[in-house]
Every structure is written in C-alpha cells, then in structure tokens.
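To start, the structure under review is shown below, and the notes come after it.
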Ligand SMILES: *Cc1c(COP(=O)(O)O)cnc(C)c1O
C-alpha cells in the first residue's frame, strides 16, 4: 500500500472512531492545557516521520482535547456539526486542493460556488440578482458586505474609497442595534471605520430597534450612513422588525446590513420565516454555512444586493464587471482572500443532502429542541428561563437558594451549575453576560440533536441541582 493510501485509511478510521463514540465520550474536553502542551510540544523535529505515524501520534496526543461539538448534546456558543456529505466533501476538497480564486485555478470549485450561491439566494428568499461570496466565516462575510457598503455610501457622497482610502473621506455613521455581535464591530475596525462611528440604538423587548429611534437618529445629521441589524441575536435569537425598519433607513439613503449568522436560516422555514419578514429589503446579508447548515467550519456567506458596489470593493482582476457576467465567475473578485479553499463543495453537498425540506425540518427541529430544553429547565428548582424562545436560543439563570442571595450569588451559582454539567460530560453549555447578569446560553443548531439528547441533558441538570452543597 502506498504511503498516501495508508495514511488516508488511518485518518478515516480515526475519524470514524471519534464520531462513533460521541454518545459515550464527554462532550466537554477532558485534557487540560498543560496536559495537551506536554504531549504536543516536542522539540522542533530535525528529521521527518512516517505520515501514518504522524497521524496516529497526533490523534493520541490530542485525546481529550477535542470538544464533542459534533455531539447532539453540544449547546455551547452557536456551533454547528457537520452533515455526512458535507464532511466527506470537505475531505475531498483538501484532496483535490484546487484554488478556486479564478476559474482557471479551480474550474469545478468556481462553478460549484456559482450554483450553490444561486440555490442559497432562492432558499433564503434573497434577491436573485444579489452577488455573493464564500468566506471563512460570518466575520469575513461582514467585512465583505461592509466593504461594499463603505464603497456605496462614500460614492454617493462623491468619494472614491478604493482610490483615495479613508484619509479625508466624509465620516461614515453606523447606526446599530445595540445588541450587535462583536464580529461586526471588528469588521468595521478592519475597514477603518472605528468604534466611535457606531451609535447604538436600544432594542425593545422583542429585540428590535424602534422605528422612532432610527428615524430621529437619521434626521439629526445627513451624510453616509450604514444601518446594522440583527437576524437572530446571539443571546435571545431575536430579530429586528425588518419590514418596518428597513424602509425608514432607505428613506434616508442608508445602506442596511444584516447579521444573520444563524438567524437568516429562519427564512428557510415556513414556520419561522415571519420572524425575519422584510429581510429581503436589506442591502447586504452575512451568514454562516458552518452553523445552521452544518457544514464543517471555515464557511461563511456574504450576499450583496448592489453587485457593482460589491465588486468595486473586492475586485483585483482587470476585467470589468460586465465582461465577467458573460464568462466564468471568478470568486477572487468577490471575496477578501486571494488563494482560498474551495468552500463551495461542502455547501453544495449539504444543500443536496437535505434539500429545501430537509433544511426546513432541521431548523424547525432545532427550535423545537430549544423550546423543550427551556420548558424542562423551567421546571427545575431555582432555575429561571429568561426569554420566551422565539428561535433556537435560550437564556437561563440558576439562583442561589439561600434566603438573601444577591445577584452576585446568582451569578456564581449560574457559573457553578454550568461547570458541573460540563464536568459531567453529559452536555456542554457556555455562559454570557446579558443585561448585567451571568446567564447560561443554550444554542441548538446541530443536525444530530434528538429528543433523547434533550432528555439526557435535562437529566444531567436534575442530577446536578439535586446534589447538595455547591454545584
Ligand atoms: C457566530 C456569529 C458571528 C460570527 O461568525 P463567525 O462565523 O464565527 O465569523 C456573527 N454574528 C452572530 C450573531 C453569530 O452567532
């Protein structure tokens, strides 16, 4: 057997073993930083090692150092799993190892993006003429969309940002839902639009900025404005009232960008689509395939209504936008990267594996599991569910049962209960600060999660909460 055949077979076996054992393994990592470092930090090797041995030893040295993020009981952050065909397509992507920046460097990889991009617009109800880009994640999808926004709002003010940069440019205001995700903030910084440009508009009980607040913020000053909205806030899964907010932003000439990292997928479900009503009126949308679509990580998606602004912000080729329309689509003109992974294959595979119906069922199922977790947790002693789950996100607080416990004690109790459940290996959750309080955040986006996982998770909480003394 050749060396390459041997090592690929080893890798397949290791991967299969990891995935087969998800139900018996701890969802949380069990190895500490020091243990991992001790096992991995060999002196820089002087001589080479046989590939199969490298892989076997890599697996052994990292044992216990992988979260069970593929498990159906992984509810931390917002992290999806990998659908079978998407995982396999991702392996093949590495084996083919083309560079689909331009058609000539990756013919199939560029065409598969062209097809998957069109499918995604249809699935998510976005304008069929919107341009798109396959990026590393939602963060770089924001950077792509906001670069297009920066081009457009400055061009309207008579400024050519690609030629002249931002020195001396008219200032850009960013009016943002106060609960915007830090990845949009960082994208704005990367684009030379600092934190000071961002004016936070408070969200109401339903998570939307108010039309009145927006209107008054827009009326105080004229000039270039970008409005930053949420489809699926990270904490409660709430969205802006797009159908009412976007028309007001457009009356004032603002560019509307939507962070829909996971929330945009509500548009794929008849049941949850009303949550994002009017979202198609925005100017740009950023989302992830590596969250709710369950494609392996390194897969974000940017969509831009005004394709000319998108191309102006990103292009490096000499061909004009019009001449590209006739021939092949060159991703390099739409993405921030030069050489890049052929991300389209895994997305294409996931869309085919599930189809429209399967994606809708995945979204509906995850939301139902989130709601079941919320109902089950609410019944447990000293446990408060802080939001009525509208989508797949739930916030929970564990109360210190002692009579005069203050918020600080509830914060500590919340952290302790999360830590105890994570330590049990049964399920994994993260914590966050929401409205000044520590909370447990529940996120359900994994295709593997079942009712059994929900029941097993609730049982783990029951056990921790029944244990006397500090959790
Ligand atoms: C995860 C997330 C992001 C960032 O996405 P990456 O793919 O990690 O870059 C942005 N916004 C929201 C709401 C998210 O949940």
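Residue numbers (my numbering): 672 to 1142.
The C-beta atom is built at its ideal place from N, Cα and C for all residues, glycine as well.
As the structure is a computational prediction, the values presented were derived from the model and not from experiment.
Taking only three categories from DSSP, how would you classify residue i?
i: residue 1068; result: strand
i: residue 770; result: coil
i: residue 1059; result: coil
i: residue 738; result: coil
i: residue 923; result: coil
i: residue 937; result: helix
i: residue 844; result: strand
i: residue 980; result: helix
i: residue 930; result: strand
i: residue 745; result: strand
i: residue 712; result: coil
i: residue 880; result: strand
i: residue 1148; result: Nothing can be reported for residue 1148, as the shown portion of the chain is limited to 672 through 1142.
i: residue 799; result: coil
i: residue 723; result: helix
i: residue 838; result: coil
i: residue 752; result: coil
i: residue 702; result: coil
i: residue 684; result: helix
i: residue 953; result: coil
i: residue 1124; result: helix
i: residue 672; result: coil
Determine whether the beta carbon atoms of residue i and residue j lie at a separation below 8 Å.
i: residue 940; j: residue 1034; result: yes
i: residue 972; j: residue 958; result: yes
i: residue 1050; j: residue 1082; result: no
i: residue 999; j: residue 781; result: yes
i: residue 1122; j: residue 698; result: no
i: residue 1055; j: residue 1070; result: yes
i: residue 1013; j: residue 806; result: no
i: residue 1136; j: residue 1052; result: yes
i: residue 1116; j: residue 963; result: yes
i: residue 902; j: residue 935; result: yes
i: residue 1124; j: residue 692; result: no
i: residue 926; j: residue 803; result: no
i: residue 658; j: residue 907; result: There is simply no residue 658 to check, as the chain begins at 672 and stops at 1142 in what is shown.
At a cut-off of 7 Å, would you count residue i as near ligand 2, judging by its Cβ distance to the nearest heavy atom?
i: residue 871; result: Among the ligands present in this structure, namely ligand 1, ligand 2 is not found.
With DSSP as the reference, please indicate the residues paired to residue i in a beta bridge.
i: residue 1110; result: 1103
i: residue 971; result: 806 and 959
i: residue 871; result: 847
i: residue 898; result: 846 and 927
i: residue 858; result: DSSP lists no partner for residue 858.
i: residue 666; result: Beyond the ends of the chain as shown, which are 672 and 1142, falls residue 666; an answer cannot be given.
| said: Report the start-end ranges of each beta strand (DSSP E) in the region 1070-1097 that is 3 residues or longer and not cut off at the edges. | reply: none
| So does the region 740-754 actually touch the region 978-986, counting three or more Cβ pairs closer than 8 Å? | no
| said: For the pair the region 879-887 and the region 916-933, tell me if three or more CB-CB distances fall below 8 Å. | reply: yes
| request: Let me know the alpha helix (DSSP H) ranges lying completely inside the region 997-1060, each 4 residues or longer, listed in chain order. | output: 1015-1049
| field | contact_flag[the region 817-826, the region 895-910] where n(CB pairs < 8 Å) is 3 or more | value | yes
| task | Please determine if the region 848-859 and the region 929-939 are in contact, where contact requires at least 3 C-beta pairs separated by less than 8 Å. | result | yes
| field | At least three beta-carbon pairs within less than 8 Å, the region 1020-1027 to the region 828-845 | value | no
| query | With contact counted as at least three CB pairs below 8 Å, one residue from each stretch, are the region 1102-1116 and the region 726-740 in contact? | reply | no
| request: Mind the definition here: the region 857-874 touches the region 804-817 only if three or more C-beta pairs lie below 8 Å; say whether that holds. | output: yes
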